[in-house]
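Data first, discussion second: the structure below is written as structure tokens.
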Amino acid sequence: MIVNISINGQTYSHDVEPRLLLVHFIREYAELHGTHWGCDTSNCGICIVLMDDPNSSQPPYPVKSCTMLAAMAEGYEITTVEGMAHPDGTLDPIQMGFHEMHALQCGFCTPGMMSTGRWLIERHPNPTQMTDHEIRDGISGNLCRCTGYDNIIKAIRWAAAYIQEHPESARTARQ
Amino acid sequence: MATTETTPGRHPDWYGHATGDTFGKIADAPIGFGHMKRKEDARFIRGLGDYMDDVRLPGMVHGAILRSPYAHARINSIDTSGALAHPKVAAVVIAKDLETLGLAWMPTISYDTQAVLAGDKVRFHLQEVAFVIALDAYSAQDALQLIEVDYDVLPAIVNCRKALDPDAPLIRDDKVGQTDNLASPMWEAGDKAICDRVFAEADVVAKQTILDPRSHPCPMETCGMVADMNPNTGQLNIYNGNQAPHAHRTVYAQVAGLPEQNIRILCNDIGGGFGNKVPVYPGYVCAIAGSIVAGAPVKWIEDRSENLASTGFARDYLMYSEMCSKGGKITGLRVDAIADHGAFDSTAQATKFPAGFFHIVTGSYDLSGAHCQVKAVYTNKAPGGVAYRCSFRITEAVYLVERMVDQLAMEMRVDPVELRMRSFIRADQFPYETATGWVYDSGDYHKAMKLAMEIAGYDELRAEQQEKLQRGEMMGIGVAFFTEGVGAGPRRHMDILGLAMNDGAELRVHPSGKAVVSISAQTQGQGHETTFAQIVAEELGISPNEIMVRHGDTDKTPYGLGTYGSRSTPVSGGAVAVVSRKVRDKARQFAALMLETRAEDLQWEKGRWFVRGDPERGSTIESIAEYAYSATNLPEGLEGGLDANAVYDPPNLTYPFGAYIAVVDVDPGTGKVHMRRFIAVDDCGVRINPMVVEGQIHGGLVEGIGQALMEIISFDEQGNCMNASFMDYLLPTALECPINGFELGETVTPCPHHPIGAKGVGESPCVGSPPAIANAVVDALYHAKGIKHMDIPAFPARVWAAMNGRAEPPQ
Amino acid sequence: MQTPAPCDYSRATSVDDAIAQLQALGGNARILAGGYSLIPMMKLRLANPGHVIDINPLEPELNYIREEGDEIRVGAMTRHVNMLESDVLSRHFPDIFREAEAVLADPVVRNRGTMGGSLCQSDPAEDLSGVVVALKGEAVLRGPGGAERVIGMEEFHVGPYMTAVQPTEMLIEVRFKKHRGFGGAHEKVERRAGDFAIVAASSALAIEGGKITWAGVACSAVGPTTMHIGRAEEALVGQAPSEDLFAKCGQMASADCSPNSDGRGPADYKRHVAGVLTTRALSRAAATALR
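Protein chains in written order, with the numbering used here: chain A, 1 to 175; chain B, 1001 to 1811; chain C, 2001 to 2291.
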């Protein structure tokens, strides 16, 4: 079947099997390798991308791209790690925060983790005041084997503070 | 067919990202050691890492493995016709096809043999049986369901004690002369007679059987390979994220009988290793065989179930132990252990150390006598025995000794910290030879322990525990003090498959004064591209921003044994320091010419040679580099260019240590353990980059929480692996960690024999934290209910059983 | 990664269209909502539908939480995050929905997973089902020709992974009776955050004039379906709330559930915990009701 999916502002049209998972559409057809995968059972959150859902009052929210058929993603705007930075290459604050706070080691979970972190900031009424528990709970669907999470929490806080100070730095798929 | 240069050519691109834009150059980079953000982040935060599954070659086909549904069964027949009829299937490989290629069995890194694909019988649940090659990955999986295998099911053994029963079914009937399930001769260390005497004179003896259960390193990226055999040139390019690319190349040359110079291993980015990516796995050999058969590059990427069920597990040590004291101090330890190797002995060890560095079981204590012995058995479980973030069985040994110290303290009715303080090796005793014959390099254990107690507020915690007991609440405080031996190792003692455990480094300083250092270590997230540049920076005074660290391509890096056992900094880091000093010495010759003086009259300060007594007269490393390539009047014996090679042979292991304190609350109604606080004081000698060191510690601590509380690979009575997915193999999330973060402290006792005084740190937190947490859980049970031991992992149900006096080892 | 077996895909344009498609495809089709139960099963090839009918386009029609008379009605496509954050549910059923939804899987799953999907999966360890059973929710099933029937949860959940929803029917809504003086709580013990329950207990009470006027008690992961502890409810109604009473109800939950031993724990442990959690949930439910 022909599937048309908008990823990072570009529409990809491909003739695919109906069973094709979104993560494989992103990696094999759109050839965006920044979205990784880590399990078979929808537990690890490695494959998370942001999805802008017109039916939702939420800002673009994280979904596990291994747990959606590509066909299901038609009509939504998908943002992967490759689409996080501004078009001129300026990094999104969450990317800066992960670098500043040493919130990545092997880098494999990083795209999914940054996506969830970005959403946590975007949806929180007062992101600089997020509690440790709110952040820990928020990323509890994203497994990381390297960092021990402490620096990821610091990175999300760093990004929240940066966005507060530099509102123009924040860019979401919806804008 | 791919050419050799296209894909490897991606390496420079990475560094293009790292150096060509906002983040590539780290603005406040120190010239040398100190806090520095990572250079490699630039590509990862943009999604530009290049992992195993990202490799794509023209004409590439996809492999998938059919696995056994039984733990032990004879194979009567395999019918592949259904799969071969699938329109997208290119080939199906089974054992007898491999026999014609001489690839049916492969050597393990412990001199055993392992079936690549099972031909005679399957020996563990989910063992490899057939390899399908199809045009796409989905079709390869579809075709697995079209293969028919006829099995005769045999009784399976998954209990290491039962494997030793005289009437136990023989698992390795393929091995000539094998009549029982013993995997190797009994190994022992320490003087038994002295140890027996120490026990005979003891005041108090504690005894306990302790299981360090089977767990899995489980990096977030699974294992995989793209094998690309060029039939026209005989060149085999192997894209494979592994921790020891040079050793792998040698192994493939042996296994496949290919000329070693025609094999090139390309490790791009690796999504975590933790020991899992040390061995050679059957899937790799299948991919290589598949590429030979199919005449095309073959990609095989294992799924998570395959990763958990078939690749290198860790631990699985059942240990009976006794520890004794005299005069209020620990004096002796004896251990009798069974190592469960699974169906094939592919444990990762230095050759002369069949039980790894289990000798370190004497821990951080000044013992009068110690003896340990280990026998290894075959069972119908997956092979492996890799060191999950651990230097060759040190985790098992440290877990045992630290659990035993707590048990002994309970028997002696003394505080567990007090007993440790009385029994530690004193700072003035280093270098210290242990009762099992190891020479610890340096340490100040009392200082580290005191610092940890101070951060924790140990006395206040004990008071709080008493108050809570009055209210019927259960709280535990667990202490562990570890000493690790890492950085294997001295070539006179240590090799793997005959390859000395050394590492090489090559340093080229270009005419512009920028440098490339090539290393044999292989990062899996440790940050080598930053920290190794910092070592060169410290030695030569060149900014780390201007030093590229090259690794992961066996054609372009010097030989060495790779990254595991916390050996990167102790061995490869030593090589980088040594090669930098060689370059510095060579630079001195050029500087003498430039400054028209004698080399011996020059003095070094970071970044330049100057004339002793006349500091204005000097040459910077940049100007020397330019001169080295352009000077026209070099004297005889001095070659142009500024580069050098080194192979570092460490004179001894390094011995990092640390004091850890865990605080837990246990729900008396449900047995649920809540990890409240964790204090970690680490002494890893000189820290190259404190930020990276702390990141390593955080990560290792969470893996320790996992092992202590939730990670286990277990089997049912039929031998089925019960934890072959993330539904049941549980990695800690952010919610299982102390809510306000880890509390770290440091002491610095430099390693006296290492060129930069560093000891290595990667594994320390994962070695020290399981016993600290286990001790905390038991401490809660002990104070509330008088219970002195339970085996990990401390699942709620198991804690509740222990609380009620029904502690059992996990199945 | 493990991937689904071949299957066809179509989108539904309305509830009636989805039902018409189910009819046309015979028993070979499955409804696909959030996907977090069905797609993992398809990847492991434990579920091999020949066709999936995507009902996400029906979200505008089926994602709602609304008050109608003495009921709160929740549409089948209401996502877990909507239930977690619903003011209507918090106001009328403090805090049982919020507590259960806060520990159901993880936040990313909750963004897409739906109430209908959770109930139709009929996993006895699932958290929301416990709440729906405790609140005696009534499921509205629609079949061919717009025919609707309303059934209780005990009829709805037939067994593990089995429901009373016929092959040509679709769950479209669940209805909950409001109660004055309501308080509820959800207690869960799990091996790790995001894991299915080892045991969970959902308890709800209505307290007026110092007496319990209505009670709902359910336990998850201790039987072939979510267990309704009817004996405890009978013991509660008409009594004044007290710790002794709640402890007695906990004992009933322990006695009346029928857990299996598995990787999460032996049956005797689960039985014990069902009692502990039921007592705790009732105690907190009462405190909330009296708040």
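Even glycine gets a Cβ: it sits at the ideal position worked out from N, Cα and C.
For Met-1323(B), the first and last residue of its enclosing beta strand (DSSP E): The sequence position of residue 1323(B) within the second sequence is 323, counting from 1. 1317-1326 is the span of the beta strand (DSSP E), which, as asked, contains Met-1323(B).
Run through chain B and tell me which residues come within less than 8 Å of Gly-34(A), C-beta to C-beta. One-based indexing of the first sequence puts residue 34(A) at position 34. Arg-1046, Gly-1047, Leu-1048, Gly-1049, listed in chain order.
Tyr-2269(C) CB to nearest chain B CB: under 8 Å? As a working note, residue 2269(C) is residue 269 in the third sequence. Answer yes: the Cβ-Cβ gap between Tyr-2269(C) and chain B drops below 8 Å somewhere.
Closer than 8 Å, CB to CB, is Pro-2266(C) near chain B or not? Here residue 2266(C) corresponds to residue number 266 of the third sequence, with the count starting at 1. Judged by the 8 Å Cβ criterion, Pro-2266(C) is in contact with chain B.
What distance in whole Å lies between the Cβ atoms of Ile-1773(B) and Pro-1732(B), which are believed to be in contact at a cut-off of 8 Å? Walking along the second sequence from the start, residue 1732(B) turns up at place 732. Walking along the second sequence from the start, residue 1773(B) turns up at place 773. Not confirmed; about 11 Å, so no contact.
Quick check: Pro-2259(C) and Ala-2267(C), are their CB atoms within less than 8 Å of each other? Taking the third sequence and counting its residues from 1, the one referred to as residue 2259(C) is at position 259. Taking the third sequence and counting its residues from 1, the one referred to as residue 2267(C) is at position 267. Yes, the pair counts as a contact, with Cβ atoms nearer than the cut-off.
Validate contact between the segment 1508-1518 of chain B and the segment 1436-1445 of chain B using beta carbons, cut 8 Å, 3 pairs: no
Which partner residues of Lys-1960(C) appear in the DSSP bridge assignment? Residue 1960(C) lies beyond the range of chain C shown here (2001 to 2291); nothing can be said about it.
Exposed or buried, which one is Ser-2283(C) when buried takes at least 16 other CB atoms within 10 Å? Start at 1 with the first residue of the third sequence, and residue 2283(C) comes out as number 283. Per the 10 Å Cβ criterion, buried.
At a Cβ threshold of 8 Å, is Asn-1740(B) touching chain A? Against the second sequence, residue 1740(B) aligns to sequence position 740. Yes, its Cβ sits closer than 8 Å to a Cβ of chain A.
Helix, strand or coil: how does DSSP classify His-1086(B) here? Position 86 of the second sequence, counting from 1, holds the residue named residue 1086(B). His-1086(B): coil per DSSP, three-state reduction.
Here's the rule: buried if 16 or more other CB atoms are within 10 angstroms of the residue's CB, otherwise exposed. What is Arg-27(A)? Start at 1 with the first residue of the first sequence, and residue 27(A) comes out as number 27. Buried, because 16 or more other Cβ atoms sit within 10 Å of the Cβ of Arg-27(A).
Leu-1408(B) and Val-1204(B) - do their beta-carbons sit closer together than 8 Å? Against the second sequence, residue 1204(B) aligns to sequence position 204. Against the second sequence, residue 1408(B) aligns to sequence position 408. Yes. Within cutoff.
What is the DSSP secondary structure of Thr-1100(B), reduced to helix, strand or coil? Sequence index remark: in the second sequence, residue 1100(B) carries index 100 (1-based). Helix, per DSSP.
Identify the contact partners of Thr-2003(C) in chain A, using a Cβ-Cβ distance below 8 Å as the criterion. Within the third sequence, the letter at position 3 stands for residue 2003(C). Those are Arg-19, Leu-21, His-24, listed as they occur along chain A.
Going by DSSP, which residues form a beta bridge with Gln-1603(B)? Start at 1 with the first residue of the second sequence, and residue 1603(B) comes out as number 603. Phe-1610(B), per the DSSP bridge assignment.
Locate the beta strand (DSSP E) running through Arg-2011(C), then write down its first and last residues. As a working mapping, residue 2011(C) is identified with position 11 in the third sequence. Its beta strand (DSSP E) spans residues 2008-2011.
Pick out whichever of Pro-2057(C), Ala-2218(C), Trp-2214(C), Arg-2091(C) has its Cα sitting closest to the Cα of Val-2237(C). For the purposes of this step, residue 2237(C) is taken as residue 237 along the third sequence, with counting starting at 1. The shortest C-alpha to C-alpha distance from Val-2237(C) to any of Pro-2057(C), Ala-2218(C), Trp-2214(C), Arg-2091(C) is the one to Trp-2214(C).
Using 8 Å as the threshold, is the segment 1694-1703 of chain B in touch with the segment 10-18 of chain A, meaning 3 or more CB pairs across them? No, the segment 1694-1703 of chain B is not in contact with the segment 10-18 of chain A.
Assumed close pair Glu-2233(C), Val-2217(C) - CB separation to whole angstroms, cut-off 8 Å: Locating residue 2233(C) in the third sequence gives position 233, where the first residue counts as 1. Locating residue 2217(C) in the third sequence gives position 217, where the first residue counts as 1. The pair is a contact, with the Cβ atoms about 5 Å apart (cut-off 8 Å).
Cα separation between Ala-71(A) and Leu-1117(B)? The count along the first sequence starts at 1 and reaches residue 71(A) at position 71. The count along the second sequence starts at 1 and reaches residue 1117(B) at position 117. For the pair Ala-71(A) and Leu-1117(B), the Cα-to-Cα distance works out to about 37 Å.
Counting contacts by CB-CB distance shorter than 8 Å, is Gly-1271(B) in contact with chain A? Looking up residue 1271(B) in the second sequence gives position 271. Under the 8 Å criterion on CB atoms, Gly-1271(B) is classed as interfacial with respect to chain A.
Which runs of the alpha helix (DSSP H) spanning at least 4 residues fall entirely within the segment 1180-1217 of chain B, listed in chain order? 1192-1200
I want to verify the contact list: residues of chain B whose CB lies under 8 Å from the CB of Pro-87(A), in sequence order. The count along the first sequence starts at 1 and reaches residue 87(A) at position 87. What Pro-87(A) touches in chain B: nothing, since even the nearest Cβ is about 13 Å away.
Distance CB(Phe-1481(B))-CB(Arg-1389(B)) smaller than 8 Å: Residue mapping note: residue 1481(B) aligns to position 481 of the second sequence, counting from 1. Residue mapping note: residue 1389(B) aligns to position 389 of the second sequence, counting from 1. Cβ atoms of Phe-1481(B) and Arg-1389(B): not closer than 8 Å.
Where Trp-1438(B) falls: helix, strand or coil (DSSP): Walking along the second sequence from the start, residue 1438(B) turns up at place 438. In the structure shown, the three-state DSSP call for Trp-1438(B) is coil.
According to a CB-to-CB cut-off of less than 9 Å, which residues of the segment 2067-2090 of chain C neighbour chain B? none
Tell me where the beta strand (DSSP E) around Val-49(A) begins and ends. Numbered from 1 along the first sequence, position 49 holds the residue referred to as residue 49(A). If you look at Val-49(A), you'll find it in the beta strand (DSSP E) that goes 48-52.
Whole-number beta carbon distance between Ile-48(A) and Thr-116(A), since they are thought to touch under 8 Å: Within the first sequence, residue 116(A) is the residue found at index 116, counting from 1. Within the first sequence, residue 48(A) is the residue found at index 48, counting from 1. Sure, about 6 Å apart at Cβ, within 8 Å.
Using the DSSP secondary-structure output, state which residues sit across from Tyr-1882(B) in a beta bridge. Residue coverage of chain B in this structure runs from 1001 to 1811, which leaves residue 1882(B) outside it and unanswerable.
So is Thr-2288(C) buried or exposed if we call it buried at 16+ other beta carbons inside 10 Å? Position 288 of the third sequence, counted from the first residue, corresponds to residue 2288(C). Buried is the call here.
Extract the residue ranges of the beta strand (DSSP E) inside the segment 1587-1674 of chain B, only unbroken runs of 3 or more that lie entirely within it. 1602-1605, 1608-1611, 1614-1620, 1642-1648, 1657-1666
Beta carbons nearer than 9 Å to chain B: which residues of the segment 2100-2115 of chain C have them? Asp-2106
Using a beta-carbon distance cut-off of less than 7 Å, what residues from the segment 2182-2199 of chain C approach chain B? Val-2189, Arg-2191, Arg-2192, Ala-2193, Gly-2194, Asp-2195, Ile-2198
Please say whether Gln-95(A) and Ala-85(A) have beta carbons closer to each other than 8 Å? Within the first sequence, residue 85(A) is the residue found at index 85, counting from 1. Within the first sequence, residue 95(A) is the residue found at index 95, counting from 1. Cβ atoms of Ala-85(A) and Gln-95(A): closer than 8 Å.
Closer than 9 Å between beta carbons: that is the criterion. Which residues of the segment 2045-2067 of chain C meet it against chain A? His-2051, Val-2052, Asp-2054, Asn-2056, Pro-2057, Glu-2059, Pro-2060, Asn-2063
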